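A short worksheet on the structure shown next.
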């Protein structure tokens with residue numbers, strides 16, 4: 001078994017996160033058969049947990065295609081830099097918050113303590 005590693009660099013933060021697979025010689029010769037939907041989802045979840053960034057379907061396809069190509073060419077380490085949104089930002093469009101729709105109760109101000117502190121009041125009779 002040979003260890004193949006994939007390194008994901010997040011463009012915004014510059015952080016690098018990795019995922020590794022152990023492949024036998026048959027899997028090395030046909031790496032596209034290794035990346036089933038379960039393996040792809042496992043890669044996505046692992047890298048999302050490490051980076052705290054959202055990895056969408058197009059990103060996982062880029063990752064897998066790059067990794068397959070590098071394995072076919074004989075590289076044991078693959079690297080890809082992607083501009084990924086944070087997980088917390090990625091779900092913002094799904095947010096359906098209506099907010100507090102109650103009209104607040106009106107508060108009557110206390111005018112008994114209001115007095116001028118300096119200056120003079122205007123004249124009460126206008127000519």
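Numbering (the working numbering), first residue to last: 1 to 127.
For every residue, glycine included, the Cβ atom is placed at its ideal position computed from N, Cα and C.
Quick caveat, the model's predicted, so the values are computed rather than measured.
Between the CA atoms of residue 40 and residue 55 - distance to the nearest angstrom: Approximately 11 Å, taken between the alpha carbons.
What is the DSSP secondary structure of residue 13, reduced to helix, strand or coil? Residue state, collapsed to three classes: coil.
Do you know offhand how far residue 36's Cα is from residue 43's? Distance between the alpha carbons of residue 36 and residue 43 is about 11 Å.
According to DSSP, residue 4 sits in a beta bridge with which residue or residues? Bridge partners of residue 4: 21.
Rounded to whole angstroms, what's the CA-CA distance from residue 71 to residue 92? Just pull it up for me. Answer to the nearest angstrom: the Cα atoms are 36 Å apart.
When the Cα of residue 31 is compared with those of 90, 19, 7 and 64, which residue comes out closest? Checked all of 90, 19, 7 and 64; the closest Cα to residue 31 is 64.
Go ahead and label residue 21 buried or exposed: buried means 16 or more other beta carbons lie within 10 angstroms of its beta carbon, across all protein chains shown. Result: buried.
Can you give, in chain order, each stretch of the beta strand (DSSP E) that sits fully within the segment 42 to 91 and has at least 3 residues? For the beta strand (DSSP E) assignment, the uninterrupted runs of no fewer than 3 residues enclosed by the segment 42 to 91 are, from N- to C-terminal side, 77 to 82.
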